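Asks: Here the sequence shown is numbered in my numbering, starting from 1434 and rising by one per residue.
Glycine residues also receive a C-beta, built at the ideal position from the N, C-alpha and C atoms.
All figures in this text were calculated on a predicted structure; none of them were measured in a lab.
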Amino acid sequence: KETAAARMEREKQQRTKADLAAKLEKERKIQAEKVAQKKQDDEAARRKQDDEDRLQREKEARAKAEQAARVEKEKMARAKKEAERRAQAMEEEARLQRAKEERAKAEARLQLAKE
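Structure follows, in structure tokens:
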């Protein structure tokens, strides 16, 4: 049989071993929690960056569409002005042609009256 002192020493060593094992387990849990938290933080940061990137792309697409709409509107306005200018030119040409015809008729009447 072991002596009381030896038994106390053995029990003390067992407690020390158990305490060390408990400390190691606690440290392992803390490290596992840190790793899990880091993964969560990294995922949240990635999602945030993805959202910011998506919003930026949408903003750029909207600006591009608005610019295209402005360009198209300006093009339509220029085409309308050009059409109006052409119509005025045609009206002026027709007016000049009518005046020329009227002058020719008047000269013909004058010529007939002289004869």
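According to DSSP, simplified to helix, strand and coil, what is T1419?
Replies: Missing from the structure shown is residue 1419; the chain here goes from 1434 to 1548 and no further.
Asks: Residues in its own chain within less than 6 angstroms of K1467 by CB, not counting five upstream and five downstream?
Replies: The residue labelled residue 1467 in the question sits at position 34 within the sequence shown. Once the five neighbours on either side are set aside, K1467 has no close Cβ partner at all.
Asks: Between R1495 and D1474, what straight-line distance do the alpha-carbon atoms span, to the nearest angstrom?
Replies: Against the sequence shown, residue 1495 aligns to sequence position 62. Against the sequence shown, residue 1474 aligns to sequence position 41. Approximately 31 angstroms between the Cα atoms of the pair.
Asks: Measuring only the C-alpha atoms, how far is E1444 from E1458?
Replies: Counting from 1 along the sequence shown, the entry for residue 1444 is found at position 11. Counting from 1 along the sequence shown, the entry for residue 1458 is found at position 25. Cα to Cα, the separation comes out at about 21 angstroms.
Asks: Nearest-angstrom Cα distance between E1534 and R1518?
Replies: Taking the sequence shown and counting its residues from 1, the one referred to as residue 1534 is at position 101. Taking the sequence shown and counting its residues from 1, the one referred to as residue 1518 is at position 85. Going by the C-alpha atoms only, they are around 24 angstroms apart.
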